[in-house]
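Enquirer: In the numbering used here, the protein residues as written are 9 to 702. Don't be surprised by glycine CBs; every beta carbon is placed ideally from N, CA and C.
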């Protein structure tokens, strides 16, 4: 029957707070009915007396946590367990009491408002508040409940207010004139100085753009804005020249890039200043009249010929004298030279375009009074072609003609190359040399395309009659002066198949009978080899055969025969001649000793190698005789020495007259008379009819 109950929050009494009572008309008071409570907080927050139906709040309630509880009540018969009434639903509401003070959602608030703003929720108390004067404000705000009446609660918070910037201030230069200086050698882009227009605003409201509005140096200088510092950087735009102009005047303007239309009535948001720039004079290096030079010269130019000139001058007012030189690192072969006074280039060595068509050298110009001031310039020298090379065959041609070739058959196409490079291109002509203008075997056909064809003039070419043909060909070019060369084409006669493919070009095979088989050819070659081996062995054995002794008798009279007469020198003459000289015909001429006196040093006879087969001992002796006959300082001593040993395999055999003949026949010694006065004694002894043998 009850729809809702009410309770106060935060109840602090000694007993539990009574909520209400449930009762049904079916309750006779005899204790047969039982009351049951279910729903939000039943049994924990709210408890019911099952006999009487009284409901109490077991705990202190807080409306701010939960302000409404929904519960259901039943009345059942204890005996039967059946409900005597349908289930009822009721609500328990919590009455609010002022137990919480007002609280702000943040301990501190931060607000920003543009300067010069009008009225707002938080109003500015002063008109036209300027951020430049004061930027930060702090306001404490209090909130009270119960309309501010007694007994109400209150809370406070702090609001930090920042005035945001607006562009209400133009840029202003702190001074009206600036002065800078720059050396005349400063390259374009060199910074000269910085200027700044002050702007009390911040951020984009303080961004300033600098420009040169007018002045006599507006085309020589430039100004850019440093975005970080909002400064204007003055830079060099073009090369300066002290000799041309020493002072420049600029008018520089600083302008806000983001003006605010609301404050345009305050005045123009820009300012100007005067900038003076003085140019400093420096000692500059010489300056060439061109950035580079190109010179063309014929490759047949004579040594010492002037091929061109470079010109440089001192840009300073002093106009110092200039001397020129060639950087030898760029001309290691010293092909070119230069006159130091006027810069004229001339040739020191012959030129060859085919070897080096271009020469890239560097010329240096130096001030005579100040050698540290120098500059250099590249000079490109192009060698122009002269027709100084004759054309020649493009390659070595291996040409052959088939034995069964027909007249008019093309057997080879030849081409030519030339080291020269004429402007109109190569043009070659081919023809036979005049002596072979009408060749019986071959002719040449100029194809008019720098090639020529070799054509046969008859039918059939026999290898057995002639295996190789030489065909001289003259090659002309078409340039001036005309150059020509003669190339000889070697043409071999070869056996070919029916298609004209070469099979064999060896002429030796034709000399053999046609009926010999391969085995017969091998047998013949083997016999020839065996015969050659036998001949070689026979010759070797003959050379190694031991020579028989000259004297077999026990009485070996191979002693020195010395004449003891008035002219002789006695036994001293036994060493008048060194027999080792005969054994070594190639003895050094400077080691000759006097053969008519006893030498200071007696040479020991050495065993020497045998004479070569092509040495003529007789000629050797004649040469020695002639030398001694013509020697005016040699005394006319006669001496006799034995020449019994000539070495192995001597082609002269023995020269001794003692037992040199095996027969009793006479021997002609008349040739001794031709040997000169030193052999007169021998000629008298053996040359006459009466001899020692008689």
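1. With residue 264 as the anchor, note down where its beta strand (DSSP E) starts and where it stops.
2. From the DSSP output, in three-state form, read off residue 187 for me.
3. By a C-beta neighbour count over all protein chains shown, 10 Å radius and 16 as the cutoff for buried, is residue 214 buried or exposed?
4. In terms of DSSP beta bridges, what is residue 304 paired with?
5. Count the other CB atoms within 10 Å of the CB of residue 148; is the residue buried (16 or more) or exposed (fewer)?
6. If we count Cβ pairs, one from each stretch, closer than 8 Å, do we get three or more for the stretch 379-388 versus the stretch 437-449?
7. Would residue 278 and residue 261 qualify as a contact pair, given that the criterion is a beta-carbon distance under 9 Å?
8. With DSSP run on the structure shown, which of helix, strand or coil describes residue 222?
9. Run through DSSP, which three-state label would residue 532 get?
10. Can you give the Cα-Cα distance for residue 259 and residue 265, rounded to whole angstroms?
11. Who does residue 147 pair with in a DSSP beta bridge?
12. Contact between the stretch 398-414 and the stretch 313-327: three or more CB pairs below 8 Å?
13. Please report the straight-line C-alpha distance between residue 179 and residue 238, rounded to a whole angstrom.
14. Would you mind stating whether residue 72 and residue 108 have Cβ atoms separated by less than 9 Å?
15. Mind checking which residues open and close the beta strand (DSSP E) that includes residue 629?
16. Let me know the secondary structure DSSP gives residue 195 once reduced to three states.
17. Please report the straight-line C-alpha distance between residue 669 and residue 634, rounded to a whole angstrom.
18. Between which two residues does the beta strand (DSSP E) holding residue 474 run?
19. May I ask you to report which of helix, strand or coil DSSP gives residue 577?
20. Could you tell me the distance, in whole angstroms, from the CA atom of residue 229 to the CA atom of residue 373?
21. Have a look at the DSSP bridge pairing and note the partners of residue 693.
22. Judging by CA-CA distance, which residue of 511, 286, 217 is the nearest neighbour of residue 205?
23. At the level of alpha carbons, what is the spacing between residue 683 and residue 548?
24. With distance defined between alpha-carbon atoms, name the residue in 334, 349, 297 nearest to residue 343.
25. How would you label residue 698, buried or exposed, when you count the other beta carbons within 10 angstroms and need 16 or more for buried?
26. Is it buried or exposed, residue 679, if we count other Cβ atoms within 10 angstroms and call 16 or more buried?
27. Measuring only the C-alpha atoms, how far is residue 47 from residue 91?
28. Looking only at DSSP bridge pairs, what is residue 240 linked to?
29. Between 183, 27, 248, 224, which lies nearest to residue 189 when the distance is taken from Cα to Cα?
30. What residues match up with residue 64 in a beta bridge as DSSP calls it?
31. Would you tell me roughly how many angstroms separate the C-alpha atoms of residue 423 and residue 487, rounded to the nearest one?
Expert: So, to answer that:
1. Here residue 264 corresponds to residue number 256 of the chain shown, with the count starting at 1. Its beta strand (DSSP E) spans residues 255-264.
2. What you label residue 187 is simply residue 179 of the chain shown in a count that begins at 1. Strand, per DSSP.
3. As a first step, residue 214 must be located in the chain shown, where it is residue number 206. Buried is the call here.
4. Taking the first residue of the chain shown as position 1, residue 304 is located at position 296. 390, per the DSSP bridge assignment.
5. By one-based count along the chain shown, residue 148 stands at place 140. So residue 148 ends up on the exposed side.
6. no
7. On the chain shown, position 270 is the one that residue 278 refers to. On the chain shown, position 253 is the one that residue 261 refers to. Against a cut-off of 9 Å, the Cβ pair of residue 261 and residue 278 comes out as a contact.
8. Along the chain shown, one-based indexing puts residue 222 at 214. Residue 222: strand per DSSP, three-state reduction.
9. For the purposes of this step, residue 532 is taken as the residue at position 524 of the chain shown. Reduced to three states, the DSSP call for residue 532 is helix.
10. Residue numbering aside, residue 259 sits at position 251 when the chain shown is read from its first letter. Residue numbering aside, residue 265 sits at position 257 when the chain shown is read from its first letter. Going by the C-alpha atoms only, they are around 19 Å apart.
11. For the purposes of this step, residue 147 is taken as residue 139 along the chain shown, with counting starting at 1. Answer is 167.
12. no
13. Walking along the chain shown from the start, residue 179 turns up at place 171. Walking along the chain shown from the start, residue 238 turns up at place 230. Cα to Cα, residue 179 sits roughly 11 Å from residue 238.
14. Along the chain shown, read from residue 1 onward, the residue named residue 72 stands at position 64. Along the chain shown, read from residue 1 onward, the residue named residue 108 stands at position 100. Cβ atoms of residue 72 and residue 108: closer than 9 Å.
15. On the chain shown, residue 629 is found 621 positions in, with the first residue counted as 1. Note, residue 629: premise wrong, no beta strand (DSSP E); alpha helix (DSSP H) at 625-637.
16. Translated into positions along the chain shown, residue 195 becomes position 187. Residue 195 falls in the coil class under three-state DSSP.
17. Mapped onto the chain shown, residue 669 falls at position 661. Mapped onto the chain shown, residue 634 falls at position 626. Unreliable placement is indicated for residue 669, whose pLDDT of 49 sits below 50; the coordinate value is still reported in the next sentence. About 29 Å.
18. Position 466 of the chain shown, counted from the start, is the residue given in the question as residue 474. From DSSP, residue 474 is part of no beta strand (DSSP E); its letter is neither H nor E.
19. For the purposes of this step, residue 577 is taken as residue 569 along the chain shown, with counting starting at 1. For residue 577, the predicted structure reports a pLDDT of 49, less than 50, and the residue's modelled location is therefore unreliable. The matter cannot be settled from this model.
20. The residue given as residue 229 occupies position 221 in the chain shown. The residue given as residue 373 occupies position 365 in the chain shown. C-alpha separation (whole angstroms): 31 Å.
21. As a working mapping, residue 693 is identified with position 685 in the chain shown. Beta-bridge pairing links residue 693 to no other residue.
22. Position 197 of the chain shown holds residue 205. The shortest C-alpha separation from residue 205 is found at 217.
23. As a position in the chain shown, residue 683 is number 675, starting the count at 1. As a position in the chain shown, residue 548 is number 540, starting the count at 1. Between residue 683 and residue 548, the C-alpha separation is close to 36 Å.
24. Residue 343 sits at position 335 when you count from the first residue of the chain shown. Of the candidates 334, 349, 297, the one whose C-alpha sits nearest the C-alpha of residue 343 is 334.
25. Walking along the chain shown from the start, residue 698 turns up at place 690. Only weak support is given to the placement of residue 698: the predicted model assigns it a pLDDT of 48, under 50, and the value that follows is read from those uncertain coordinates. When all chains shown are included, residue 698 counts as exposed.
26. Numbered from 1 along the chain shown, position 671 holds the residue referred to as residue 679. Counting Cβ neighbours within 10 Å, residue 679 comes out exposed, since fewer than 16 surround it.
27. Taking the chain shown and counting its residues from 1, one reaches residue 47 at position 39. Taking the chain shown and counting its residues from 1, one reaches residue 91 at position 83. Cα to Cα, the separation comes out at about 17 Å.
28. Locating residue 240 in the chain shown gives position 232, where the first residue counts as 1. Answer by DSSP bridge pairing, in chain order: 203, 233.
29. Working through the chain shown from its first residue, we reach residue 189 at position 181. The shortest C-alpha separation from residue 189 is found at 248.
30. Numbered from 1 along the chain shown, position 56 holds the residue referred to as residue 64. Looking at the DSSP assignment, residue 64 forms a beta bridge with 26, 55.
31. Along the chain shown, one-based indexing puts residue 423 at 415. Along the chain shown, one-based indexing puts residue 487 at 479. Taking the straight line joining both Cα atoms gives about 17 Å.
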